[in-house]
Amino acid sequence: MPRFMIGLLSLCLLLLMTGCAASEIRTVPIMVTPTVPHHLTAPLEPPGVSMINHRDLLALIADYEKLRRRANADRAAVEVILASDAGTDE
1 MPRFMIGLLS
11 LCLLLLMTGC
21 AASEIRTVPI
31 MVTPTVPHHL
41 TAPLEPPGVS
51 MINHRDLLAL
61 IADYEKLRRR
71 ANADRAAVEV
81 ILASDAGTDE
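Just so it is clear: in the sequence shown, position 75 is 75 by my numbering, and no numbers are missing.
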């Protein structure tokens with residue numbers, strides 16, 4: 001009878017050890033693409049052109065400067081979105 005118990009105990013221990021050996025933690029890389037809002041990538045409309053005198057030309061230059069600043073702000077926002085999504089490790 002003790003031989004039978006020793007055989008059962010060794011069988012149980014063998015099963016327990018093989019169960020622990022098979023449980024391995026595996027990491028799987030996942031490609032995550034950040035989502036950029038559409039209004040940051042949409043093309044900007046050019047300002048209206050109706051030049052009669054030099055004041056209209058100055059207003060047109062000011063409008064283009066305003067568009068340039070907005071485009072630069074949109075670029076900066078896209079860079080922030082891409083940098084924040086690329087830095088997260090989950």
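Yeah, the Cβ is synthetic: ideal placement off N, Cα and C, and Gly gets one too.
Residue i lies in the alpha helix (DSSP H); which residues open and close that run?
i   : result
T41 : 38 to 41
Out of the options, which has the shortest C-alpha to C-alpha gap to residue i?
i   : options            : result
A83 : P46, I52, V32      : V32
D63 : I30, A77, D74, P47 : P47
L40 : L15, L67, L60      : L67
E79 : P37, I30, R55, E65 : P37
A42 : I81, M5, G7, R70   : R70
- Should the segment 44 to 58 be called in touch with the segment 4 to 11, which here means at least 3 C-beta pairs below 8 Å? With the rule of 3 Cβ pairs closer than 8 Å, the segment 44 to 58 does not count as touching the segment 4 to 11.
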